[in-house]
Amino acid sequence: VDVITAADVPGANDCGSIVHDDPLLCPVGPQEDGAPGGEIRYLGQPLFAVIARTRTDARRAAARAKEAAQVQAADPVITPQQAHARGQYVVPPMHLKRSARGIEVRAAIDGAPHRLKGELDVGGQEQFYLEGQISYAIPKEGGTMHVHCSTQHPSEMQHLIAHALHLHSNEVHVECRRMGGGFGGKESQSGLFACIAAVAANKLRRPVKLRPDRDDDFMITGRRHCFWYEYEVGYDDEGRLLGAEITMVSRAGHSADLSGPVMTRALCHFDNAYWLPEVSMHGFSGRTNTQSNTAFRGFGGPQGAIAVEYILDSVARALGRDALAVRRANFYGTTERNVTPYGQTVTDNVIHELVDQLADSSGYEARRAAIAEFNAGSPVLKRG
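Just so we're on the same page, this note's numbering is the position in the sequence shown counted from 1, plus 209.
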């Protein structure tokens with residue numbers, strides 16, 4: 210029926226949820242001002258949309274792009290480390306620092322009885338919603354648009370579609386009757402599919418449904434941010450942290466999407482349940498030539514908490530102490546040692562009682578003793 214390109218977008222060729230840096234369709238061919246085609250930012254980026262009467266015809270026509278597309282290869286940036294080395298970020302770097310005792314973090318680390326430094330890589334995760342991305346756009350009288358969309362954020366879809374069609378928001382109606390799973394994957398990234406369906410319906414003045422296959426969905430959309438960490442801590446003989454400095458770099462992807470808020474939450478969750486008297490945290494959202502990563506259950510919280518948990522495990526191994534004992538030594542207090550690095554007082558703190566009850570009910574100490582006894586008598590097989 211038709212092929213929709215960036216030139217068919219009457220309004221903003223963008224679906225960025227916060228920063229407007231995420232094109233709906235990459236411009237192809239010479240532009241009106243004589244400029245060459247746009248930059249392909251990642252493998253899987255949409256260049257155009259084929260509108261056909263059947264799914265088979267649409268996929269057959271889209272596959273012919275391989276015959277017509279002329280692409281010049283470039284050196285891609287794939288990992289957070291590569292982006293950090295080049296200083297490529299989708300949002301400005303973030304820094305959070307606190308000194309409870311009035312000394313510099315560096316001095317606290319250097320003056321500690323023990324010091325430890327290391328790196329950590331944490332992978333991403335696909336939302337794998339059971340129902341894939343899908344939008345159904347119906348043009349209405351007066352140039353208005355009604356869009357059925359599987360989305361977690363109908364009001365944002367309304368704004369994005371309105372901007373793409375150069376309409377007022379009240380001229381766009383978005384409806385989500387039900388959603389077959391989202392888990393963060395349909396918070397902002399449903400906007401691409403809603404907008405393209407609406408642009409096609411607006412041009413053709415006919416209803417248009419857009420539902421990518423699962424493989425195309427995975428190629429186009431992002432997932433949970435993978436993180437790379439570099440840390441250094443100082444601690445005492447009990448494993449109590451006296452100073453900590455950590456750098457977190459996420460793989461944001463080719464655009465900002467929600468990477469800024471995700472990094473903010475990761476920084477604010479680094480303390481987890483632990484008192485960090487002197488701490489300095491640095492967050493970098495690396496721009497890479499990959500899908501733009503997005504919201505996922507936890508929204509940066511797991512990426513922040515896993516770092517301090519890994520550090521405490523490493524401290525316990527270095528000291529030869531039980532990891533639970535090291536964690537208990539670092540728990541937030543109830544009347545003191547109870548202020549987070551971002552200035553919030555921890556109230557209603559039941560972590561001590563909760564962990565005590567769990568240790569008792571699970572027989573933690575007995576299990577530890579049984580494991581130690583088994584390992585002492587087994588030179589090959591070990592339990593942990």
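All C-beta atoms in this analysis are idealised placements derived from N, C-alpha and C, irrespective of residue type, glycine included. Please read these numbers as outputs of a predicted model, since none were measured by experiment.
Around S494, the same chain offers Y298, V299, V300, S459, A461, S468, G469, M472 as residues with beta carbons nearer than 7 Å, after the five sequence neighbours per side are excluded.
In the three-state reduction of the DSSP assignment, G443 falls in the strand class, which pools E and B. For the pair I260 and D330, the CB atoms are not nearer than the 7 Å cut-off. Around the Cβ of G509, a 10 Å sphere holds 16 or more other Cβ atoms; the residue is buried. Counting along the chain, no alpha helix (DSSP H) covers I249, and no H or E run does either. In this chain, G513 is not harboured by any beta strand (DSSP E); it is covered by the alpha helix (DSSP H) spanning 510-528. For R324, the enclosing beta strand (DSSP E) stretches over residues 323-331.
Per DSSP, the unbroken beta strand (DSSP E) holding S308 starts and ends at 303-308. Excluding residues up to 5 positions away in sequence, Y345, A346, I347, P348, A410 lie with their Cβ nearer than 8 Å to the Cβ of P416 in the same chain. Uninterrupted alpha helix (DSSP H) stretches at least 4 residues long and entirely within the region 317-384 occur at 363-374, given in chain order. A Cβ-Cβ contact shorter than 7 Å links F392 with Q336.
Each residue's CA atom was taken as its position, placing A453 and Y440 some 7 Å apart.
Between P550 and D480, the C-beta gap is smaller than 7 Å, which places the two residues in contact. In the DSSP assignment, V259 falls within the unbroken beta strand (DSSP E) covering 258-260.
In the structure shown, M388 adopts coil according to DSSP, grouped into three states. If you draw a straight line from the Cα of S399 to the Cα of L485, it is about 39 Å long.
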